[in-house]
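Enquirer: Here the sequence shown stands for residues 108 to 564, where the numbers follow this note's numbering.
Glycine included, every Cβ here is placed at the ideal spot set by N, Cα and C.
Please read these numbers as outputs of a predicted model, since none were measured by experiment.
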Amino acid sequence: MNVSFNKESDVVGRLVITVNEADYADKVSTELKKIQKQANIPGFRKGAVPMPQIKRRYEKAVISDTLNKEVNDAMFDYLQKENIHVLGEPMPVKVQEITDDVKDYTFEFEVGLAPELNVVVDKSVELPYYKIEVSDKMVEDQNKAFNERFGAQVPGEEVDEKAVIKGSLQQLNADGTVNTNDGAIQVISAIVAPFTFKDKEEAAKFLGKKVNDKVVYNPYKSCEGNAVEMASLLNIDKAIAGDIKDDFEFAISEIIVVKPAEHNQDFYDQVAGRDKVHNEEEYTEFVKNLIASQLEGNSVQFFDATGEKYFYDKYQDMQLPDEVLKKWLVARNEELTAENIDEEYAKLLPSLKWQIIRDAIASKLDVKVDENDMLTYARLMTRNQFAQYGIYNADDHTIEEAAKRLLNSREYRSRIAETVSTQKLFNTIRNAVNTKVEEVSLDKFIELNNNFNKAEG
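What follows is the structure, encoded as structure tokens:
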């Protein structure tokens, strides 16, 4: 077998593979013998079909399959060995027909070549990194959230923004009087949490009210007509609950409010983990660091976006094997045709160019993703998922086992691989270039982000 390659231009080449009969004859013979052992043809015992019959029925197909495998293996081995970077896949110039009188075959492929980009990723490149300042208000709000989360529910004197209220409900007539007709809805032991209402005007009706006060409100409006919520509150069938749009009178019998948690060692352990915080100063520092780590993702994401724009704008002017790529795209996608490929190719071009630039940067910086990188990200992903449920202090063993389960999931593994690849690339870029760090307020960061998106959009 002989393989040769000739560059026809900077981005197009021709691969020629010559296969002699000696290159494939033994493999074809072996395969035909396997078929002979299993062949079940009328008039012959199984496994006793004469070889001439086997060849007449199967030889051309076996030769075709064998040639395809041999040629594909030789082609990709050659491209890898010669370090030829291909865009898409090599496209056959013509289809070879297997005939009885031809024993040696020549296969030609048109190859689209990735352009050679001399990307510069060093300290001569300056990129901004906007770090969001942790304000006193952020610390105050987070502290309040922890106080409520780890606080205790106690009887209260009046309804506040987080109160749960117990009492009785009575359906009202249109004129505001209590409905005393048969079938009128009355609930002796009702519970409402106005802070969960979707309609904030209905929720506001309860604020400041005390035990024995009566509040007229509309349950239908409070939950935007959700039949499940209405049925649960009014103790009626879900099938009719969504049709009850009357006002109700709620007579308050008990108010339950959250008593903020005391800042003691038990509280510190619940928030930060056992023996990690011991006093108010350490607690405040923990809260600041927690907020900073949560905000950092925004800074990193914005850096990645601005970095991608910088490198794309700088290197997007490249020559591509357009016609070869169009043929490849049409061949692999049933929705693409000769009639619509030009329009669709234009849409794909930006992402294709960025992938080429990205690969060139990764090669320049020797960025590779391994299993440990994937597991590290899976651990972080797991901690964030736990945090969404208020679990901030899960032990390392629990995190490790959950992370491994994520990584073993086919669905999550591919997503993790793509995310880690992007993160590692830009983390490496951030260390390689001259990163100009600037601390800004959250409002300023939002403004910068919005302006960037408008310019791009």
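What distance in whole Å lies between the Cβ atoms of residue 352 and residue 327, which are believed to be in contact at a cut-off of 8 Å?
Expert: Position 220 of the sequence shown, counted from the start, is the residue given in the question as residue 327. Position 245 of the sequence shown, counted from the start, is the residue given in the question as residue 352. Rounded, the Cβ-Cβ distance is 4 Å, consistent with contact.
Enquirer: So who's on the other strand from residue 357, going by DSSP bridges?
Expert: In the sequence shown, the residue the question calls residue 357 occupies position 250. Answer is 276 and 322.
Enquirer: Helix or strand or just coil, what does DSSP make of residue 157?
Expert: Along the sequence shown, one-based indexing puts residue 157 at 50. It is coil, neither helix nor strand.
Enquirer: Could you say which of 560, 563 and 556 lies nearest to residue 239 if we only look at CA atoms?
Expert: As a working note, residue 239 is residue 132 in the sequence shown. If we check each option's Cα against that of residue 239, 556 comes out closest.
Enquirer: What are the partner residues of residue 261, as DSSP defines its beta bridges?
Expert: Translated into the one-based positions of the sequence shown, residue 261 becomes position 154. For residue 261, which the question treats as bridged, DSSP gives the partners 364.
Enquirer: Pop quiz: residue 198 and residue 216 are said to be a contact at Cβ under 8 Å. What is the actual Cβ separation, rounded to whole angstroms?
Expert: Indexing the sequence shown from 1 puts residue 198 at position 91. Indexing the sequence shown from 1 puts residue 216 at position 109. With a Cβ gap of about 6 Å, residue 198 and residue 216 count as contacting.
Enquirer: Are the beta-carbon atoms belonging to residue 304 and residue 275 less than 9 Å from one another?
Expert: Position 197 of the sequence shown, counted from the start, is the residue given in the question as residue 304. Position 168 of the sequence shown, counted from the start, is the residue given in the question as residue 275. Result no, Cβ atoms of residue 304 and residue 275 do not sit closer than 9 Å.
Enquirer: Suppose contacts are defined by Cβ-Cβ distances below 9 Å. Is residue 119 in contact with residue 437 by that definition?
Expert: Within the sequence shown, numbered from 1, the residue matching residue 119 stands at position 12. Within the sequence shown, numbered from 1, the residue matching residue 437 stands at position 330. Not in contact: residue 119 and residue 437 (Cβ atoms no closer than 9 Å).
Enquirer: At 4 residues or longer, what runs of the alpha helix (DSSP H) sit wholly inside the region 281-326?
Expert: Listed in chain order, they are 307-311.
Enquirer: Nearest-angstrom Cα distance between residue 312 and residue 440?
Expert: Looking up residue 312 in the sequence shown gives position 205. Looking up residue 440 in the sequence shown gives position 333. If I take the Cα positions, the gap works out to 59 Å.
Enquirer: Considering only C-alpha positions, which residue in the set 256, 188, 297 and 264 is nearest to residue 273?
Expert: Counting from 1 along the sequence shown, the entry for residue 273 is found at position 166. Nearest C-alpha to residue 273: 297.
Enquirer: Is the Cβ-Cβ distance between residue 402 and residue 234 less than 9 Å?
Expert: As a first step, residue 402 is located in the sequence shown; it is residue number 295 there, counting from the start. As a first step, residue 234 is located in the sequence shown; it is residue number 127 there, counting from the start. Cβ distance not < 9 Å, so residue 402 and residue 234 don't count as in contact.
Enquirer: Quick one: using the 10 Å Cβ neighbour count with 16 as the cut-off for buried, is residue 463 buried or exposed?
Expert: The residue given as residue 463 occupies position 356 in the sequence shown. Looking at its Cβ environment, which holds 16 or more other Cβ atoms inside 10 Å, residue 463 is buried.
Enquirer: Cβ atoms of residue 261 and residue 359: under 9 Å apart, would you say?
Expert: In the sequence shown, counting from the first residue as 1, residue 359 sits at position 252. In the sequence shown, counting from the first residue as 1, residue 261 sits at position 154. Taking 9 Å as the Cβ cut-off, residue 359 and residue 261 do not qualify as a contacting pair.
Enquirer: Can you give me the Cβ contacts of residue 138 inside the same chain, cut-off strictly under 6 Å, excluding the 5 residues immediately before and after it?
Expert: Walking along the sequence shown from the start, residue 138 turns up at place 31. Closer than 6 Å at the Cβ level, and outside the excluded window around residue 138, lie 169.
Enquirer: Taking C-beta to C-beta, are residue 110 and residue 185 nearer than 9 Å?
Expert: The count along the sequence shown starts at 1 and reaches residue 110 at position 3. The count along the sequence shown starts at 1 and reaches residue 185 at position 78. Yes, they are a contact pair.
Enquirer: Tell me the DSSP bridge mates of residue 213?
Expert: On the sequence shown, position 106 is the one that residue 213 refers to. Per DSSP, 125.
Enquirer: Less than 6 Å between C-beta atoms, sequence neighbours within five positions excluded: which residues of the same chain meet that for residue 399?
Expert: Against the sequence shown, residue 399 aligns to sequence position 292. Excluding positions up to five away in sequence, the list reads 241.
Enquirer: Would you check if the region 407-416 and the region 285-300 touch, i.e. whether three or more CB-CB distances between them fall below 8 Å?
Expert: No, the region 285-300 is not in contact with the region 407-416.
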